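What follows is a set of notes on a single structure, which appears directly below.
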Amino acid sequence: MSVETRKETLGFQTEVKQLLQLMIHSLYSNKEIFLRELISNASDAADKLRFEAISKPELLEGDAEPRVRVSFDADAKTVTIDDNGIGMSREEVIAHLGTIAKSGTADFLNALSGDQRKDSQLIGQFGVGFYSAFIVADRVEVFTRRAGAPAAEGVHWSSAGEGEFDIETVEKPGRGTRVVLHLKEDDVGFADGWRLREIVKKYSDHIGVPIQMPKQHHGEDKDAPAEPEWETVNRANALWTRSRNEVSEDEYKAFYKHVSHDFGDPLTWSHNKVEGKLEYTSLLYVPGRAPFDLYHREAARGLKLYVQRVFIMDQAEQFLPLYLRFLRGVVDSNDLSLNVSREILQKDPVISSMKSALTKRVLDMLDKLATGEPEKYAEFWKQFGQVLKEGPAEDFANRERIAGLLRFASTHSGGEAQDVSLADYVGRMKDGQTKVYYLTGESPAQVRNSPHLEVFRKKGIEVLLLTDRIDEWLMGYLTEFDGKSFVDVARGDLDLGAFDTDTDKQAQEEVAKSKQGLVERLKAALGDDVADVRVSHRLTESPAVLALGEQDIGLQLRQILEASGQAVPESKPVFEINPEHPLIGRLDAQTDASRFDALARVLFDQAALAAGNGLKDPGAYVRRLNDLLVELAG
Numbered sequence: 001m002s003v004e005t006r007k008e009t010l011g012f013q014t015e016v017k018q019l020l021q022l023m024i025h026s027l028y029s030n031k032e033i034f035l036r037e038l039i040s041n042a043s044d045a046a047d048k049l050r051f052e053a054i055s056k057p058e059l060l061e062g063d064a065e066p067r068v069r070v071s072f073d074a075d076a077k078t079v080t081i082d083d084n085g086i087g088m089s090r091e092e093v094i095a096h097l098g099t100i101a102k103s104g105t106a107d108f109l110n111a112l113s114g115d116q117r118k119d120s121q122l123i124g125q126f127g128v129g130f131y132s133a134f135i136v137a138d139r140v141e142v143f144t145r146r147a148g149a150p151a152a153e154g155v156h157w158s159s160a161g162e163g164e165f166d167i168e169t170v171e172k173p174g175r176g177t178r179v180v181l182h183l184k185e186d187d188v189g190f191a192d193g194w195r196l197r198e199i200v201k202k203y204s205d206h207i208g209v210p211i212q213m214p215k216q217h218h219g220e221d222k223d224a225p226a227e228p229e230w231e232t233v234n235r236a237n238a239l240w241t242r243s244r245n246e247v248s249e250d251e252y253k254a255f256y257k258h259v260s261h262d263f264g265d266p267l268t269w270s271h272n273k274v275e276g277k278l279e280y281t282s283l284l285y286v287p288g289r290a291p292f293d294l295y296h297r298e299a300a301r302g303l304k305l306y307v308q309r310v311f312i313m314d315q316a317e318q319f320l321p322l323y324l325r326f327l328r329g330v331v332d333s334n335d336l337s338l339n340v341s342r343e344i345l346q347k348d349p350v351i352s353s354m355k356s357a358l359t360k361r362v363l364d365m366l367d368k369l370a371t372g373e374p375e376k377y378a379e380f381w382k383q384f385g386q387v388l389k390e391g392p393a394e395d396f397a398n399r400e401r402i403a404g405l406l407r408f409a410s411t412h413s414g415g416e417a418q419d420v421s422l423a424d425y426v427g428r429m430k431d432g433q434t435k436v437y438y439l440t441g442e443s444p445a446q447v448r449n450s451p452h453l454e455v456f457r458k459k460g461i462e463v464l465l466l467t468d469r470i471d472e473w474l475m476g477y478l479t480e481f482d483g484k485s486f487v488d489v490a491r492g493d494l495d496l497g498a499f500d501t502d503t504d505k506q507a508q509e510e511v512a513k514s515k516q517g518l519v520e521r522l523k524a525a526l527g528d529d530v531a532d533v534r535v536s537h538r539l540t541e542s543p544a545v546l547a548l549g550e551q552d553i554g555l556q557l558r559q560i561l562e563a564s565g566q567a568v569p570e571s572k573p574v575f576e577i578n579p580e581h582p583l584i585g586r587l588d589a590q591t592d593a594s595r596f597d598a599l600a601r602v603l604f605d606q607a608a609l610a611a612g613n614g615l616k617d618p619g620a621y622v623r624r625l626n627d628l629l630v631e632l633a634g
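Dropping the structure here:
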């Protein structure tokens with residue numbers, strides 16, 4: 001088959017079909033965003049051409065000035081967006097317009113509930129770019145040719161958004177992409193010059209590429225000459241190059257949607273120009289919601305990089321550490337070369353200095369949000385808190401600052417919401433307290449009811465309750481805050497410092513001596529399942545508790561390592577008993593060896609359950625418990 005006649009009908013990827021169904025049923029309450037998305041794509045195409053043309057100026061084909069043109073035909077009921085950017089080859093058209101090559105797609109589709117209002121928010125969070133055309137169009141055509149390819153290798157793509165698309169090779173003299181929207185009957189009102197101008201001004205005024213429309217003539221576009229006279233209808237200068245005083249809040253929000261392809265507003269942003277040894281401008285945004293691919297390792301991340309206003313690359317991840325991967329925005333440097341590559345970025349000392357400065361700026365921005373707008377910061381923490389917890393391990397230089405931004409649940413706040421900062425905790429520390437106490441566990445309910453907290457409740461000492469899977473790993477790197485060291489209350493032989501008086505310690509030693517015989521019997525009964533048995537100073541209500549050794553791996557970290565296939569060293573808990581508890585008294589008085597062993601095992605298994613550990617032999621535990629219940633029942 002010759003190039004001139006090669007035509008195919010292909011099916012959309014399954015995920016695209018699902019997405020198109022949502023689009024066609026108009027989940028968006030604001031249909032105008034289709035134009036913003038298509039202009040944004042066209043602007044990106046112009047940026048990419050300028051970058052490739054640095055090393056291959058022939059790609060410009062004698063037409064070096066980028067532009068995006070928006071036109072319409074009221075009689076034909078069409079709106080057209082035309083650019084002279086990089087364009088697409090046939091293979092690129094199939095890849096970009098027939099599939100969604102985006103990590104997290106499956107998660108996104110699984111999260112759809114069928115509730116139109118909720119699903120429309122999810123779609124906005126996911127970002128769909130080109131497919132937004134089907135909000136207003138019942139048929140979409142794309143004519144495109146990649147820069148540098150011959151005119152005979154143009155591509156025509158068309159679809160009614162019903163599961164398949166047609167693609168054929170056509171003649172296209174100019175490079176770039178033209179998108180033609182055949183409007184639905186309900187949406188023919190978009191084929192209006194004044195309305196399109198207003199949408200461009202509202203959503204795309206900040207874009208650095210000129211957006212052109214035919215000049216209006218005597219208030220009626222149909223009176224315009226056959227060859228339209230084009231006029232630029234946006235400012236056409238990059239927003240970040242303007243002074244902060246000149247940029248409105250709405251313009252900042254619109255630009256965020258352009259660079260992030262997110263439909264929601266950002267939580268906050270920082271616009272900064274640096275002059276001196278380094279010269280660069282940055283505009284950084286904290287999104288309002290976490291993207292679906294936040295935890296996908298292959299997900300694209302990073303800032304848009306410009307050098308002297310020339311676009312260089314998307315997702316330049318070298319400018320921020322991994323724990324700040326949720327940031328969006330642009331950085332425009334005067335110190336880098338126009339032919340910079342990702343490999344050069346990894347080695348350039350200028351990048352290292354910029355990364356350090358940009359990281360501090362982000363932490364400043366989060367500090368300001370936490371202090372000045374705590375409700376917004378609470379929303380930030382809900383979306384990105386677990387990612388920020390990666391910071392102390394990755395960024396030693398800023399460890400204390402990151403620690404100040406962390407939020408935890410605690411016994412002071414009831415153990416539900418993560419709303420306690422370390423500064424809050426330190427500010428409430430009791431006289432004589434020198435340590436920050438914490439407890440890790442599987443769930444809020446489990447840690448709130450842990451026997452390890454009993455002595456702290458009795459003495460009125462606050463304990464941080466850590467239940468995120470990353471928490472135990474985090475505390476391996478977060479050793480102190482404001483000069484106060486951290487203590488895991490479930491680990492080692494608990495030392496309460498000044499809260500244990502000499503009289504308390506002497507009484508504890510005497511009790512331990514009096515129960516030495518019971519301790520030895522328990523060691524024999526529990527055998528290799530325990531590292532040690534000792535009298536507890538932690539308990540006031542429970543009969544027994546399991547404590548970790550100082551160097552042992554806790555349950556959270558053990559599960560993470562096992563899930564990743566890593567070998568985990570075996571560790572055994574310390575079994576601590578409460579000598580004041582009636583059950584321990586009954587156990588001590590028990591002379592029948594088999595009944596002693598059975599009761600000891602029941603207490604050990606109950607302590608394991610309270611610690612969130614699974615039982616090695618649940619059946620044996622149930623049998624022992626049933627035997628005791630039968631005996632008690634008479």
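Note that the sequence shown covers residues 1 to 634 in our numbering.
Positions of the beta carbon are idealized from the N, C-alpha and C atoms, including for glycine.
In this text the structure is predicted, and so the values were computed from the model without any measurement.
Specify, as a first and last residue, the run of the alpha helix (DSSP H) that residue i falls within.
i: Pro618; result: Pro618 to Ala633
i: Val188; result: From DSSP, Val188 is part of no alpha helix (DSSP H); its letter is neither H nor E.
i: Lys523; result: Gln516 to Leu526
i: Phe596; result: Ala593 to Ala610
Our contact map puts residue i next to residue j with C-beta atoms below 8 Å; I'd like the distance itself, whole angstroms only.
i: Ala191; j: Phe34; result: Ala191 to Phe34, Cβ: 13 Å. No contact.
i: Gly154; j: Lys172; result: 3 Å
i: Ala600; j: Leu522; result: 6 Å
i: Val209; j: Ala236; result: 7 Å
i: Pro543; j: Ile584; result: 5 Å
i: Leu405; j: Ala370; result: 6 Å
Around the C-beta of residue i, are 16 or more other C-beta atoms found within 10 angstroms, so that it is buried, or is it exposed?
i: Phe165; result: buried
i: Gly614; result: exposed
i: Gln386; result: buried
i: Leu439; result: buried
i: Gly11; result: exposed
i: Glu462; result: buried
i: Arg457; result: exposed
i: Val16; result: buried
i: Leu322; result: exposed
i: Phe255; result: buried
i: Asn334; result: exposed
i: Gly329; result: buried
Given residue i, which residues of its chain have a CB within under 7 Å of its CB, disregarding the five upstream and five downstream residues?
i: Ser26; result: The predicted model places Ser26 with a pLDDT of 48, which falls under 50 and marks its position as unreliable; any figure quoted below should be read in that light. Cβ within range, chain order: Ile135.
i: Asp532; result: Val574
i: Ser536; result: Val545, Glu576, Ile577 and Asn578
Do you know how far the Cα of residue j is from the Cα of residue i?
i: Met1; j: Arg361; result: The predicted position of Met1 is uncertain, since its pLDDT is 41 and thus under 50; no value can be drawn from it.
i: Tyr295; j: Arg469; result: 13 Å
i: Thr637; j: Phe486; result: Residue coverage of the chain in this structure runs from 1 to 634, which leaves residue 637 outside it and unanswerable.
i: Trp269; j: Glu61; result: 39 Å
i: Lys435; j: Phe263; result: 45 Å
i: Val420; j: Leu466; result: 11 Å
i: Ser243; j: Pro291; result: 30 Å
i: Arg139; j: Leu267; result: 36 Å
i: Val179; j: Ser248; result: 31 Å
i: Gly441; j: Leu546; result: 13 Å
i: Arg197; j: Tyr285; result: 27 Å
i: Glu379; j: Glu317; result: 25 Å
i: Asp186; j: Ser158; result: 21 Å
i: Glu52; j: Asp364; result: 36 Å
i: Ala76; j: Lys184; result: 11 Å
i: Glu91; j: Lys31; result: 30 Å
Determine the extent of the beta strand (DSSP E) in which residue i is found, giving its start and end residues.
i: Ile312; result: Val310 to Ala316
i: Asp73; result: Val68 to Asp73
i: Gln212; result: Ile211 to Pro214
i: Tyr295; result: Per DSSP, Tyr295 belongs to no beta strand (DSSP E) and is neither H nor E.
i: Val574; result: Val574 to Ile577
i: Leu466; result: Leu464 to Leu466
i: Leu345; result: Taken as a continuous stretch (DSSP letters only), Leu345 belongs to no beta strand (DSSP E), being part of the alpha helix (DSSP H) at Arg342 to Lys347.
Tell me which residues share the same chain as residue i and place their Cβ nearer than 6 Å to its Cβ, disregarding the 5 neighbours each side in the sequence.
i: Val3; result: Residue placement at Val3 is poorly supported in this model, since its pLDDT is 46, which falls under 50; the coordinates still yield a value, given next. For Val3, where only same-chain residues beyond five positions count, the Cβ hits under 6 Å are Thr169.
i: Arg325; result: Arg301
i: Gln590; result: Phe596
i: Ala147; result: Leu49, Leu59, Ile86, Gly87 and Arg175
Under 8 Å Cβ to Cβ from residue i, same chain only, skipping five residues before and after it: list those, please.
i: Ser71; result: Val79, Thr80, Asp82, Met213, Pro214 and Pro228
i: Arg50; result: Pro66, Val310 and Phe311
i: Ala525; result: Phe596, Asp597, Ala600 and Arg601
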